[in-house]
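Enquirer:
Numbering (this note's numbering), first residue to last: 134 to 710.
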């Protein structure tokens, strides 16, 4: 939690200013009951009528001045408070956003996208409550309490004790409610995450849900999560609201006791006046009002503590951030995967086991295998998204542990298994591969990826806008745009991770021919399940259950590798063997 509040450091001066302005308002409010008491004692019940009205006017002018000063200072104080909150929120969200980008794939998977969205929005909003409490009230409440008690004692010590006795009751009520609602906020936040996750899942799979007529079931799941979340929020807020009637009861009881005791003491000639009793009752409102505010703050603390704990899980994540600057190393394209094994956290079986293969610079190799054979895991190791559990991955003899991720990724251009495109124009998406690419270079890459004819038919051309996740184009068009983006980046190593799966065989053949001509002399790694995508490679590596089951040319593997031969026969029926 301490790290979360470290983002307040740049606003320390503003916090001091807000506290000073709030303190001015508090002092003005404390002086008003004393002046009103004087109006009653010296004005309304004054001895000389000629002086009474002028005294009332003079005192009223002072009261107006103090009220105006209080209004201006509290307005300025809250303006500063909200400025602090806005700045703190911006700083914290920016830091969390940067941290999320450095989290390991395991950490992202453990928390989940929906959970991260909720934490960086809803939980930060909750955390703002304590900033508002701290800057807008907590610091000046001791001043209000001590100042009010001191002024009450100047009027009458015995009646002041009534106020002091009421304070522990309100604080005890706040602490009791605080303990009773903490688990309610915990459950409500958990189901807020779940509800967000279900909504995202429903939107992503809306076609499947409709195809199988499962809308009622999908709606039921979201409804159940919403009901649990709402029930816990309502119960928590109802228990918080109990503070109000308790406070009203204590306040009115204290006022009644003061009036009764004050009347008795006036009859006995203690020197207590009606104005003094009036002032003490006003001080009760001010002091207990501040204590009620503290009680509400105490009740809110469990929710704030839970939000801080959830945010701390992000800030304290290990991450893969590497602050070392890129050294500008340029690879030749030679890759050595030296007896590499990798096991996902929580898994008892390795995804890759003792994989040993060596790729020469400029070589075109293919890695083929069935679903779950470890192909994409190997690509993630090459890109330093994950580090091997055993063994090492080397580029030109340099272990990935010794290189910065920036240097590694600067030398690799990759088309990932999932063709991720973003909302914006085609040109904006393509220039992720090469920010300074000209329109001519963009069209050249699109021609190689066999997607240029589609865009030339569009009036917007390169300015054709893609919807989020490119939902307004087909899967094959997405893959070809991703391939074009990969080709724009000039790198010694190119990785195509199942990048042709949505292409028909004729289009894939054209794309592969264009790639071979364009990327001759560059290291090319094609990860695929299709034999036709791999059979013309310089070498083919066969993965099965995370183990390297074979290596060689297409002809060699047909003779020597039963797994490759089975894949080939199942896909081609034995033709062109």
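Backbone N, C-alpha and C define an ideal beta-carbon position, used for all residues, glycine too. Here the structure is a predicted model, which is why all the values come from computation and not from measurement.
#1: Please classify residue 246 as buried or exposed, where buried requires at least 16 other C-beta atoms within 10 Å of its C-beta.
#2: Leaving aside the five residues before and after residue 320 along the sequence, list all residues of the same chain whose C-beta is less than 6 angstroms from its C-beta, in chain order.
#3: Answer yes or no: do residue 484 and residue 661 have a C-beta to C-beta separation smaller than 8 angstroms?
#4: If I follow the unbroken alpha helix (DSSP H) through residue 307, where does it start and stop?
#5: What did DSSP end up calling residue 599 once you bin it into helix, strand or coil?
#6: At what residues does the beta strand (DSSP E) containing residue 486 begin and finish?
#7: When the Cα atoms are used, what is the spatial distance from residue 703 to residue 674?
#8: Helix or strand or just coil, what does DSSP make of residue 395?
#9: How close, in whole Å, do the beta carbons of residue 213 and residue 150 come, if the pair is a contact with beta carbons under 8 angstroms?
#10: May I ask which residues mark the beginning and end of the beta strand (DSSP E) holding residue 535?
#11: Measure the alpha-carbon distance for residue 552 versus residue 341 and round it to whole angstroms.
#12: Give me the residue from 685, 446, 375 with the minimum Cα distance to residue 428.
#13: Measure the CB-CB distance between residue 464 and residue 510 and report whether it falls below 8 angstroms.
#14: Output needed for residue 172: all residues of its chain with C-beta closer than 7 angstroms, excluding positions within five of it in sequence on either side, in chain order.
#15: Could you check the C-alpha separation between residue 539 and residue 696 for me, to the nearest Å?
#16: Quick one: which unbroken beta strand (DSSP E) runs of 3-plus residues sit fully inside the stretch 403-447? Chain order, please.
#17: Identify which residue in 600, 222, 423 has its Cα closest to the Cα of residue 258.
#18: Classify residue 551 as helix, strand or coil using the three-state DSSP reduction.
#19: Just how far apart, CA to CA, sit residue 145 and residue 422?
#20: DSSP puts residue 221 in a beta bridge; with which residues?
#21: Rounded to whole angstroms, how far is the Cβ of residue 471 from the Cβ of residue 525, which I believe are closer than 8 angstroms?
#22: With DSSP as the reference, identify every bridge partner of residue 657, one or two as the case may be.
#23: Quick check on the DSSP output: the alpha helix (DSSP H) that includes residue 651 runs from which residue to which?
#24: Please classify residue 710 as buried or exposed, where buried requires at least 16 neighbouring CB atoms within 10 angstroms.
#25: Sort out for me which residues DSSP pairs residue 677 with in a bridge.
Expert: The answer reads as follows:
#1: Here residue 246 corresponds to residue number 113 of the chain shown, with the count starting at 1. Exposed: under 16 other Cβ atoms inside 10 Å.
#2: As a working mapping, residue 320 is identified with position 187 in the chain shown. Taken in chain order, the residues that qualify are 365.
#3: For the purposes of this step, residue 484 is taken as residue 351 along the chain shown, with counting starting at 1. For the purposes of this step, residue 661 is taken as residue 528 along the chain shown, with counting starting at 1. Not in contact: residue 484 and residue 661 (Cβ atoms no closer than 8 angstroms).
#4: Position 174 of the chain shown, counted from the start, is the residue given in the question as residue 307. 290-337 is the span of the alpha helix (DSSP H), which, as asked, contains residue 307.
#5: Here residue 599 refers to the residue found at position 466 of the chain shown. Three-state DSSP puts residue 599 in a strand.
#6: Position 353 of the chain shown, counted from the first residue, corresponds to residue 486. Per DSSP, residue 486 belongs to the beta strand (DSSP E) from 485-492.
#7: Counting from one through the chain shown, the residue named residue 703 turns up at place 570. Counting from one through the chain shown, the residue named residue 674 turns up at place 541. About 18 angstroms.
#8: In the chain shown, the residue the question calls residue 395 occupies position 262. In this structure, residue 395 counts as helix in the three-state DSSP scheme.
#9: Mapped onto the chain shown, residue 213 falls at position 80. Mapped onto the chain shown, residue 150 falls at position 17. Rounded, the Cβ-Cβ distance is 5 angstroms, consistent with contact.
#10: For the purposes of this step, residue 535 is taken as the residue at position 402 of the chain shown. Note, residue 535: premise wrong, no beta strand (DSSP E); not H, not E.
#11: As a position in the chain shown, residue 552 is number 419, starting the count at 1. As a position in the chain shown, residue 341 is number 208, starting the count at 1. Going by the C-alpha atoms only, they are around 20 angstroms apart.
#12: Translated into positions along the chain shown, residue 428 becomes position 295. Of the candidates 685, 446, 375, the one whose C-alpha sits nearest the C-alpha of residue 428 is 375.
#13: Sequence index remark: in the chain shown, residue 464 carries index 331 (1-based). Sequence index remark: in the chain shown, residue 510 carries index 377 (1-based). Contact: no.
#14: One-based indexing of the chain shown puts residue 172 at position 39. 189, 192, listed in sequence order.
#15: The residue you call residue 539 lines up with position 406 of the chain shown. The residue you call residue 696 lines up with position 563 of the chain shown. Those two C-alpha atoms are separated by around 37 angstroms.
#16: none
#17: Residue numbering aside, residue 258 sits at position 125 when the chain shown is read from its first letter. Ranking 600, 222, 423 by Cα distance to residue 258 puts 222 first.
#18: Here the question's residue 551 lines up with position 418 in the chain shown. Three-state DSSP puts residue 551 in coil, outside helix and strand.
#19: On the chain shown, position 12 is the one that residue 145 refers to. On the chain shown, position 289 is the one that residue 422 refers to. In a straight line, the C-alpha of residue 145 is about 27 angstroms away from that of residue 422.
#20: One-based indexing of the chain shown puts residue 221 at position 88. Its beta-bridge partners do not exist; DSSP assigns none.
#21: One-based indexing of the chain shown puts residue 471 at position 338. One-based indexing of the chain shown puts residue 525 at position 392. That belief holds up - the Cβ atoms of residue 471 and residue 525 are roughly 5 angstroms apart, short of 8 angstroms.
#22: In the chain shown, the residue the question calls residue 657 occupies position 524. Note: residue 657 sits in a beta bridge opposite 497, 627.
#23: Along the chain shown, one-based indexing puts residue 651 at 518. First-last of the alpha helix (DSSP H) with residue 651: 638-651.
#24: Indexing the chain shown from 1 puts residue 710 at position 577. Note on residue 710: pLDDT 47, under 50, position unreliable in the model; no value is reported.
#25: Here residue 677 is taken as the residue at index 544 of the chain shown, counted from 1. Beta-bridge pairing links residue 677 to 680.
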